[in-house]
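Numbering (the working numbering), first residue to last: 1172 to 1421. Where is the CB? At the ideal position from N, CA and C, for every residue including glycine. Below: the structure, in structure tokens.
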């Protein structure tokens, strides 16, 4: 069994269109950390499990449900391709817990930020609100941000419902046809996806150069980059994380 604890603030409910979905039972502000999550790194030939979900609220655990492997989501772990799996060279999958019921959207309200990775054991990440999430809203993410080629489970007809940003299908990051659309979500993608993007798009073409070049720019201590999505678009601004005196070198 894979045991998973769903924090207070979320519910798993039936989806009238397909399977299940996650909805917020309280509001979150843009940029707020929704929760800290974990995914087990399990060998491909061992991904046959039952997910047992508990809800933790007011110092008490309550059983939410038990779900077969076929009812949940897992994705290929692309880091194991780059680094080589140390356990008999077997490929691994990222097996998620309660948040495996989070549905895809081409205009998501959530993305994931890596906290740490324990090789061949688990990954720990934080779910961040891209924009404000109201009580009762479905919590969604863009699968392309952590699934490069949609290994065996493509969505040939996307049903996210975004009027302005739906890409029509979800067949992994590599399947996004527009270079502009790839770059638009790059800041929300796993490092393995970003590395694969630059490796592929940076290949020399007939003119001798690739389509993209990578420029590294590090934020200094005391400043952070904030991304918001008003009306579906992407805005970015810099925000101070501490006070600065007049005339001080930032």
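Residue closest to residue i, alpha-carbon to alpha-carbon, out of the options
i, options, result
"residue 1248", "1265, 1235, 1313 and 1356", "1265"
"residue 1272", "1288, 1299 and 1310", "1310"
"residue 1398", "1196, 1359, 1321 and 1215", "1359"
"residue 1197", "1373, 1206 and 1191", "1206"
"residue 1261", "1392, 1415 and 1216", "1216"
"residue 1244", "1191, 1365, 1348 and 1178", "1191"
"residue 1178", "1304, 1208 and 1389", "1208"
"residue 1189", "1371, 1329 and 1354", "1329"
"residue 1325", "1199, 1347, 1304 and 1352", "1347"
"residue 1290", "1214, 1354 and 1219", "1214"
"residue 1292", "1230, 1267 and 1304", "1267"
"residue 1246", "1406, 1361, 1409 and 1229", "1361"
Any C-beta of chain D under 7 angstroms from that of residue i
i, result
"residue 1198", "As a matter of chain content, chain D is missing from the structure shown, which is built from one protein chain."
CB of residue i within 7 angstroms of CB of residue j, strictly
i, j, result
"residue 1319", "residue 1367", "yes"
"residue 1263", "residue 1334", "no"
"residue 1312", "residue 1277", "no"
"residue 1369", "residue 1386", "no"
"residue 1195", "residue 1308", "yes"
"residue 1232", "residue 1275", "no"
"residue 1356", "residue 1414", "no"
"residue 1250", "residue 1417", "no"
"residue 1304", "residue 1199", "yes"
Residue(s) in a DSSP beta bridge with residue i
i, result
"residue 1236", "1224"
"residue 1295", "1209 and 1287"
"residue 1185", "1191"
"residue 1309", "1194"
"residue 1411", "1394"
"residue 1267", "1210"
"residue 1406", "1399"
"residue 1231", "1228"
"residue 1326", "1341"
"residue 1358", "Its beta-bridge partners do not exist; DSSP assigns none."
Same chain, Cβ closer than 7 angstroms to residue i, neighbours up to 5 away in sequence not counted
i, result
"residue 1302", "1201, 1280, 1399 and 1400"
"residue 1187", "none"
"residue 1411", "1393 and 1394"
"residue 1184", "1191, 1192 and 1194"
"residue 1352", "1338"
"residue 1259", "Low confidence applies to residue 1259: its pLDDT is 48, below 50, so where it sits in the model is not reliable, and the reading given next is rough at best. Taken in chain order, the list of residues that qualify is empty."
"residue 1396", "1390, 1407 and 1409"
Close beta carbons around residue i, own chain, < 8 angstroms, minus the five adjacent residues each side
i, result
"residue 1428", "What the structure shows of the chain is the stretch from 1172 to 1421, and residue 1428 is not part of that stretch, so it cannot be assessed."
"residue 1299", "1202, 1203, 1204, 1205, 1281, 1282, 1283 and 1284"
"residue 1255", "Confidence in residue 1255 is poor, its pLDDT being 45 and thus under 50, which makes the residue's placement unreliable; the coordinate value appears in the next sentence. Answer for residue 1255: no residue qualifies."
"residue 1321", "1314, 1341, 1342, 1343 and 1346"
"residue 1257", "At residue 1257, the pLDDT of 44 sits below 50, so the modelled position is not reliable; the number obtained from the coordinates is stated separately. Result list for residue 1257: 1290 and 1291, in chain order."
"residue 1371", "1345"
Cβ shell of residue i (< 6 angstroms), same chain only, five flanking positions each side left out
i, result
"residue 1294", "1210 and 1288"
"residue 1285", "1296"
"residue 1388", "none"
task: Would you check if the stretch 1225-1239 and the stretch 1336-1346 touch, i.e. whether three or more CB-CB distances between them fall below 8 angstroms?
output: No: fewer than three Cβ pairs fall under 8 angstroms.
- request: Check whether the stretch 1217-1228 touches the stretch 1174-1183, counting contact only when three or more Cβ pairs, one atom from each stretch, lie closer than 8 angstroms.
  value: Yes, the stretch 1217-1228 touches the stretch 1174-1183.
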